[in-house]
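Numbering (mature numbering (1 follows the signal peptide of the UniProt record, and there is no 0)), first residue to last: -22 to -1, 1 to 515. The C-beta atom is built at its ideal place from N, Cα and C for all residues, glycine as well. Being a predicted model, the structure only gives us computed values, none of them experimental.
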């Protein structure tokens, strides 16, 4: 499998299946819910065509289309009672009002990339609000800003910016089918993070539907809520309709490179050196480390270590910089390719050089796999002995990959309390551990085996990763770090996963939750509960 496929977990498989029945609910409540919807939506855009129930021919295909992890989709024990494919903001408002009134949980889906599927599964009667049709992107080049609706994808955003300018871009994800609504709310990172920070660091306004169905902007929601939805995951607080973003400047030509080394070619020494160099490089240079085990047959195994770079400038400047800061890598002119920023986004997404940027308009990830992902943050260099242990585990497991994404630069300058995203100063790099498999590997029946292998790698890396708490990246959602039941949110359990995802920001997030959604309508297995009221004396 090509290394780039690890970006979005794409391989070519196709699965036919039927989904399970809905959790038990009162048909009277459901009929009342359906009757409620048109009463609270804009009559100029009928909501009737946006309501899908299991009786609709397109219900199952719509449910499956944006459910990107087959591990979750094929193991789901219940299906939604309905899917609201909102065609107008008022349809989303109606979904909130009516679901709350008639006792249905609401799950919000934009792109369907939630690693644990929390945007499309639940164990209690629930409705999916699918934001995919709300996808407008309105760019104002005079102010260098844009309003982007939640259902737009990262690919569509990059394409729209490129249509307006070849010297502007935006810092967000590498995968081009990510829904903007959820991707930004957990932080949103990509190869511009060392220069411009995260997506949320470049968000200047938002439209949010609260638990009462009101549409709030930054002014009307207040600065506390605006703080919380930037990195705290909006689905604990409401429904994101759109974000207003500040575009960033990029040069007309950027340079990308990939250098691969195996263990036999000195990869251990280079990976050790990368940890010391990559977080301290100038902001214009981002070098990801990607580790993939290779089995050449029999006991002939190794690990390929790829140094994948992006430089905001031309190749000559990059080579001068690398010759001074990281000469050990031996980067040459032949390793480098110059292109526009939007073309570099295509390259990072795994498309071959020369691919038309029109592929950015492909909104749905058609080919999907079974996968499990975990994350870590590293505040100290992994010693060579630790790297050698990592290599051995990778070669033992085989069907797994690791990505190290460097921090430093702009990420070092932003306080952990400036937004709800707390993983800032003091981190050298963030890790993603991903394991994936297909039907030919055993499909859903092999889930237990593969999940245990991912946990084995995670446990091996514990001595070197952050601790007390062992931090995790919210957008790499992992129920192993702690979770509640679908319909209940225990505050003590939430404190456990909240500390890992949000560090010291969790208690403030819970306080914001208590103000905007005190009844805890917006909840899932890893949502933020309202801060309990202290007992009176």
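### Message
Am I right that residue 519 and residue 427 are in contact with their C-beta atoms under 8 Å? What's the rounded C-beta distance?
### Response
Because the chain is modelled from -22 through 515, residue 519 falls outside the range shown and cannot be assessed.
### Message
According to DSSP, is residue 31 part of a helix, a strand, or is it coil?
### Response
coil
### Query
Among 493, 481, 480, 465, which has the Cα closest to the Cα of residue 104?
That would be 465, whose Cα lies nearest to the Cα of residue 104.
### Three-state secondary structure assigned by DSSP to residue 384
strand
### Query
Taking C-alpha atoms, which residue in 107, 278, 135 lies nearest to residue 516?
Nothing can be reported for residue 516, as the shown portion of the chain is limited to -22 through 515.
### Task
Please go through the same chain and pick out, in chain order, the residues whose beta-carbon is closer than 7 Å to the beta-carbon of residue 8, but skip the five residues on each side of it.
59, listed in sequence order.
### Query
Between which two residues does the alpha helix (DSSP H) containing residue 142 stretch?
Judged by DSSP secondary structure, residue 142 falls within the alpha helix (DSSP H) whose first and last residues are 132 to 142.
### Task
Please go through the same chain and pick out, in chain order, the residues whose beta-carbon is closer than 8 Å to the beta-carbon of residue 254, but skip the five residues on each side of it.
359
### Task
Check whether the Cβ atoms of residue 149 and residue 23 lie closer than 8 Å to each other.
no
### Query
Exposed or buried, what is residue 336 when buried is set at 16 or more other beta-carbons lying within 10 Å of its beta-carbon?
exposed
### Rounded separation between residue -11 and residue 275 - CA only
Because residue -11 carries a pLDDT of 32, less than 50, the predicted location of this residue cannot be relied on, and no value is offered for it.
### Proximal residues to residue 51 (C-beta, below 6 Å), its chain only, five neighbours per side dropped
45
### Task
For residue 193, name the three-state secondary structure that DSSP assigns.
In this structure, residue 193 counts as strand in the three-state DSSP scheme.
### Query
What three-state label does DSSP hand residue 426 in the structure shown?
helix
### Task
Could you give the DSSP three-state label for residue 270: helix, strand or coil?
Residue 270 sits in a strand when the DSSP states are folded into three classes.
### Proximity winner among 380, 364, 379, 405, relative to residue 357 (alpha-carbon distances)
405
### Query
Which residue comes first and which comes last in the beta strand (DSSP E) that contains residue 219?
217 to 224
### Message
Let me check understanding here. Comparing Cα to Cα, which of 83, 175, 42 lies closest to residue 387?
### Response
175
### Candidates 128, 13, 77, 75, of which the one nearest residue 184 by Cα
From the listed residues 128, 13, 77, 75, the smallest Cα separation to residue 184 is found for 128.
### Message
Taking only three categories from DSSP, how would you classify residue 99?
### Response
coil
### Query
Alpha carbon to alpha carbon, what distance is there between residue 469 and residue 326?
One alpha carbon belongs to residue 326, the other to residue 469, and they sit about 39 Å apart.
### Task
Could you check which residue in 361, 189, 231 has the C-alpha nearest to that of residue 500?
189
### Query
Is it buried or exposed for residue 477, if we count other Cβ within 10 angstroms and need 16 for buried?
buried
#### Entry: Spatially closest choice to residue 270 from 354, 448, 414, 229, by CA coordinates
414
#### Entry: Which listed residue (510, 260, 91, 90) has its alpha carbon closest to that of residue 172
260
### Task
Could you say if the stretch 446 to 456 and the stretch 345 to 354 meet the contact criterion of at least three C-beta pairs nearer than 8 Å?
In short, these stretches touch, since the Cβ pair count reaches three.
### Query
Excluding sequence positions up to five away, which residues of its chain have a Cβ less than 7 Å from the Cβ of residue -8?
Because residue -8 sits at a pLDDT of 38, beneath the cut-off of 50, its placement in the model cannot be relied upon, and the following sentence gives the value as read from the coordinates. These residues qualify, in order along the chain: 48, 417.
#### Entry: Beta-ladder partner(s) of residue 355, from DSSP
408
#### Entry: Contact check, residue 323 vs residue 167, beta carbons under 8 Å
no
### Message
Looking at chain C, is there any beta carbon in it that lies within less than 8 Å of the beta carbon of residue 256?
### Response
Given the protein chain composition of this structure (a single chain), no chain C is represented.
### Query
Can you tell me where the alpha helix (DSSP H) with residue 7 in it begins and where it stops?
5 to 17
### Query
Start and end of the alpha helix (DSSP H) containing residue 161?
158 to 163
### Task
State the DSSP-derived secondary structure class of residue 235, mapped to helix, strand or coil.
strand
### Query
Can you tell me whether DSSP reads residue 482 as helix, strand or coil?
helix
### Task
Kindly indicate which residue of 321, 320, 290, 285 has the alpha-carbon position closest to the one of residue 308.
Checked all of 321, 320, 290, 285; the closest Cα to residue 308 is 285.
### Message
Does residue 4 pass the burial test, meaning 16 or more other C-beta atoms within 10 Å, or should it be called exposed?
### Response
exposed
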